[in-house]
Amino acid sequence: MADPAISQRLDELRETIRHHEYRYYVLDSPEISDAEYDAFFQELQELEAAHPELVTADSPTQRVGGEPLPGFVQVRHLEPMLSLANAKNEEELKAWYARLMKLCADAGTDYWDLPFVLEPKIDGLAVSLRYEEGRLAIGATRGNGDIGEDVTQNIRTIPSVPLALRPEAQPFPSVVEVRGEVYLPLEAFARLNEQRLAAGEPTFANPRNAAAGSLRQLDPRVTASRPLAAWFYGVGYVEGVEFPTQQSVLEWLRQGGFRVNPHIRAAAGADDIVEAFRWWQDHRADLDYDIDGVVVKLDNRQLQGVLGAVGRDPRWAVAFKFPPTTAQTKLLSININVGRTGVLNPWALLEPVEVGGVTVERATLHNEEDIKRKDLREGDIVVLQRAGDVIPQIVAPLTDLRTGLEKPFHMPDKCPSCGTAVVRVPREVAVRCPNPDCPAKRSESIKHFVSKSAMDIDGVGEKLVDRLLELGLIKDAAGLYLVKPGQLANLERLGEKSAANIVGAIEASKTRPPDRVLFALGIPHVGAENAELLIERFGSVAELSRASAEEIAETPGIGPVIAASVHEFFRDPRNQDLLSRLEEAGLKISEAAEAPAKGAEGGPLTGKTFVLTGTLPSLSRQEATEMIEARGGRVTDSVSAKTNYLVVGESPGSKLAKAEKLGVPILDEEGLRHLVAG
Ligand code: JCF
Numbered sequence: 014m015a016d017p018a019i020s021q022r023l024d025e026l027r028e029t030i031r032h033h034e035y036r037y038y039v040l041d042s043p044e045i046s047d048a049e050y051d052a053f054f055q056e057l058q059e060l061e062a063a064h065p066e067l068v069t070a071d072s073p074t075q076r077v078g079g080e081p082l083p084g085f086v087q088v089r090h091l092e093p094m095l096s097l098a099n100a101k102n103e104e105e106l107k108a109w110y111a112r113l114m115k116l117c118a119d120a121g122t123d124y125w126d127l128p129f130v131l132e133p134k135i136d137g138l139a140v141s142l143r144y145e146e147g148r149l150a151i152g153a154t155r156g157n158g159d160i161g162e163d164v165t166q167n168i169r170t171i172p173s174v175p176l177a178l179r180p181e182a183q184p185f186p187s188v189v190e191v192r193g194e195v196y197l198p199l200e201a202f203a204r205l206n207e208q209r210l211a212a213g214e215p216t217f218a219n220p221r222n223a224a225a226g227s228l229r230q231l232d233p234r235v236t237a238s239r240p241l242a243a244w245f246y247g248v249g250y251v252e253g254v255e256f257p258t259q260q261s262v263l264e265w266l267r268q269g270g271f272r273v274n275p276h277i278r279a280a281a282g283a284d285d286i287v288e289a290f291r292w293w294q295d296h297r298a299d300l301d302y303d304i305d306g307v308v309v310k311l312d313n314r315q316l317q318g319v320l321g322a323v324g325r326d327p328r329w330a331v332a333f334k335f336p337p338t339t340a341q342t343k344l345l346s347i348n349i350n351v352g353r354t355g356v357l358n359p360w361a362l363l364e365p366v367e368v369g370g371v372t373v374e375r376a377t378l379h380n381e382e383d384i385k386r387k388d389l390r391e392g393d394i395v396v397l398q399r400a401g402d403v404i405p406q407i408v409a410p411l412t413d414l415r416t417g418l419e420k421p422f423h424m425p426d427k428c429p430s431c432g433t434a435v436v437r438v439p440r441e442v443a444v445r446c447p448n449p450d451c452p453a454k455r456s457e458s459i460k461h462f463v464s465k466s467a468m469d470i471d472g473v474g475e476k477l478v479d480r481l482l483e484l485g486l487i488k489d490a491a492g493l494y495l496v497k498p499g500q501l502a503n504l505e506r507l508g509e510k511s512a513a514n515i516v517g518a519i520e521a522s523k524t525r526p527p528d529r530v531l532f533a534l535g536i537p538h539v540g541a542e543n544a545e546l547l548i549e550r551f552g553s554v555a556e557l558s559r560a561s562a563e564e565i566a567e568t569p570g571i572g573p574v575i576a577a578s579v580h581e582f583f584r585d586p587r588n589q590d591l592l593s594r595l596e597e598a599g600l601k602i603s604e605a606a607e608a609p610a611k612g613a614e615g616g617p618l619t620g621k622t623f624v625l626t627g628t629l630p631s632l633s634r635q636e637a638t639e640m641i642e643a644r645g646g647r648v649t650d651s652v653s654a655k656t657n658y659l660v661v662g663e664s665p666g667s668k669l670a671k672a673e674k675l676g677v678p679i680l681d682e683e684g685l686r687h688l689v690a691g
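Taken in order, the sequence shown gives residues 14 to 691; the numbers are from the numbering used here.
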């Protein structure tokens, strides 16, 4: 017989630990420190080790038990697990709603004002947990809806899953199936992939796959090492209890100790649903788990029963999906583009596919290492992802779908444009063509020169640049200024009028300020921002071209690598020649930059760099810029470590995330006004 004092202490400890696990994992509101929790847990472990006969299956120490399984056993759900029909857009949602209202009317229900429940649709794995006499008996995957796999020993390792129902779950059914979605939080997903990468193991394409891989593990110790979590949203079979509404199910789940998503809300009417959908669309990026839409459910369970299902899809619920931001397609080939600095940039030609509302047929591949790391091969089926307005990324190949005919990628050792042997830059992943006369480099340099953020020569596009090079009408950017309207008018499909316009645009570019000219030269590491800093310091391009690397490196914000790059560029006789021909053409090479606007010098914002993103409530971009510049501040386009403030309005872009990552202070319009007022 066990010592009653020991049994009592064991009960107390288990009760205490369960309570604190519930506070921590389910309510996200701990009452004690980790150390205090650990002390209780250790005491329980020691007491159980001394009295193994008193260990119970639902003891908090028993989440990981047993050895790896030889395979999964199938289990039949007591009540089938349903799925959801999709509504892909507002139109489909409204059609679903109208059909539902009609069905409700046919069923004799007053159909205006019917309450609905809206939940975020978790992009995880559906599970069903069977509790018998309040204890977790079986945890199963959805499978085909009727029969799933028994993953009980893995489900038990998820700390937020109650091993026993809390007695507050009233009424307390003798048997109940609880339905929910298991997922891997995004941060845990990122960490897991980092670890796998470091260990040379294949990475997971997305958090959903990672959660699936973690739950369908034969060794529960592996599952336990993955910080899975779960949200619960429903019940299947329930012995002897009727829940009148979905809200009452959710309330019972909360009472029973299950994690119920805090963003679940009520709605009435299609407009309400659409409004809530938009809210989630705007806020999904703030969540630490992926959601792929909103689940819309009729609240009344009796009505749900009357309406029934079509196959596995209930008529009383729908998944109102976000437009997909990922897609799968075939990687047709990996090609090389030679950039203006000679860097060989691989890019992917894809079978055209729609991602997030746009058709994509190309993706950048960054560099050779990136391709190797992801093990991308020509012919692979790949997962594409588009986040917001960003260029699509290839996330990963689907290695399961390989046929064996896929071709691994090798960086060419000769420049694809001119055939010169490429060089690997020490300590850089890049591979460069060293040939200064490489036609691809020439063409890319000129395209950069005429581009919007550089000399902004309207009408001179990529095609025209290539055509002019082909015909030998130009050799470099300076050649543009010698082109005659007559020469252009002879080109295919170019009338006299457009030829005159183009020459006019080239002519007009001569007035661009020195920092734009410097940027347009395309010196490695000299973007628009660094060009501004350099001109601020040296006054003119000519002055800068005579400076030593040390003098250049003294410029605030310019490091030795940039300084060396600038110095090297101007030492090259070809570049000196280009510079003098640009000067002859009339560009501002020796001419100093105009003094900053009156009153700005010495203003309260002198030396401060700002970046604007999103729409401000009352100031236009132009107005905000003028306000900052009038006090001596500068406004630049991209966020970097040198940015002093990010000013954020409605619908900010990726700059916000970048600023947060770099720890750049963030202001709203009011904050900006305060700062400007000093
Ligand atoms: O979050 C989910 N993935 C989710 C899936 C939420 C629900 O309320 C569901 C579901 C699948 C079927 N409800 C049903 C009936």
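Built from N, CA and C at the ideal position, the CB exists for glycine as well.
Note that this is a predicted model, so its numbers are computed, not measured.
- Apart from sequence neighbours up to five positions away, the residues of its chain that approach alanine 512 with a beta-carbon distance below 7 Å are Pro498, Leu501, Ala502, ordered along the chain.
- Distances from the CB of proline 93 to the heavy atoms of the ligand JCF are all 7 Å or more.
- In the three-state reduction of the DSSP assignment, alanine 242 falls in the strand class.
- When DSSP states are grouped into helix, strand and coil, asparagine 206 belongs to the helix group.
- Below 8 Å, too few C-beta pairs join the segment 315-334 and the segment 68-87 to call them touching: fewer than three.
- In this structure, Lys454 is the residue among Ile384, Lys454, Arg399, Thr568 with its C-alpha nearest to the C-alpha of valine 356.
- The three-state reading of DSSP puts arginine 143 in strand, counting E and B together.
- Cβ neighbours of alanine 289 within its own chain (closer than 8 Å, five residues either side excluded): Leu131, Arg278, Ala280, Val307.
- Membership of valine 189 in the beta strand (DSSP E) is indicated by the continuous run 188-196.
- Boundaries of the alpha helix (DSSP H) around tyrosine 50: 47-63.
- The three-state reading of DSSP puts valine 254 in coil, since its state is none of H, G, I, E or B.
- Contact check for alanine 606 against glycine 570 fails: the beta carbons are separated by 8 Å or more.
- CA-CA distance, aspartate 528 to glutamate 545, rounds to 5 Å.
- Apart from sequence neighbours up to five positions away, the residues of its chain that approach leucine 675 with a beta-carbon distance below 8 Å are Val652, Ser653, Ala654, Thr656, ordered along the chain.
- Secondary structure of glutamate 44 (DSSP, three-state): coil.
- In this structure, the beta-carbon distance from valine 88 to isoleucine 151 falls below 8 Å.
- The segment 480-491 and the segment 370-387 do not touch, with fewer than three beta-carbon pairs separated by less than 8 Å.
- The residues Arg353, Gly535, in chain order, have a CB closer than 6 Å to that of serine 458 in the same chain once the five nearest residues on each side in sequence are set aside.
- Shown here, tyrosine 494 sits in coil according to DSSP, grouped into three states, outside any helix or strand.
- Segment contact: the segment 169-184 against the segment 138-148, three or more CB-CB distances shorter than 8 Å; contact assigned.
- The beta carbon of proline 405 lies closer than 6 Å to those of Val368, Val373, Ala376, Leu397, Arg399 in the same chain, with the five residues before and after it left out.
- When only Cα atoms are considered, valine 371 and glycine 247 end up about 36 Å apart.
- Within the model, the alpha-carbon separation for leucine 600 versus arginine 559 is close to 18 Å.
- With respect to the 8 Å criterion, arginine 27 and leucine 67 are not classified as neighbours on the basis of their beta carbons.
- Sequence-distant Cβ neighbours of lysine 101 in its own chain, meaning closer than 7 Å and more than five residues away, are Lys334.
- Under DSSP, no beta-bridge partner is assigned to glycine 474.
- Of the other Cβ atoms in all chains shown, 16 or more fall within 10 Å of the Cβ of lysine 460; this residue is therefore buried.
- Each residue's CA atom was taken as its position, placing isoleucine 519 and glutamate 104 some 49 Å apart.
- Proximity of the beta carbon of tyrosine 246 to the ligand JCF is indicated: a heavy atom of the ligand is located closer than 7 Å.
- Judged by their CB atoms, methionine 468 and arginine 506 are not nearer to each other than the 8 Å cut-off.
- DSSP, read as helix, strand or coil, puts arginine 375 in strand.
- Counting C-beta atoms within 10 angstroms of its own C-beta, threonine 619 has fewer than 16 neighbours from the protein chains shown and is therefore classed as exposed.
- With a threshold of 16 other beta carbon atoms within 10 Å, aspartate 51 falls short and is exposed.
- Contact between the segment 413-429 and the segment 345-352 is present, with at least three C-beta pairs closer than 8 Å.
- Taking 8 Å as the cut-off, the beta carbon of valine 77 is found closer than this to the beta carbon of alanine 237.
- Close CB contacts of aspartate 681 within its chain, under the 7 Å cut and outside five residues either way in sequence, are with Val661 (chain order).
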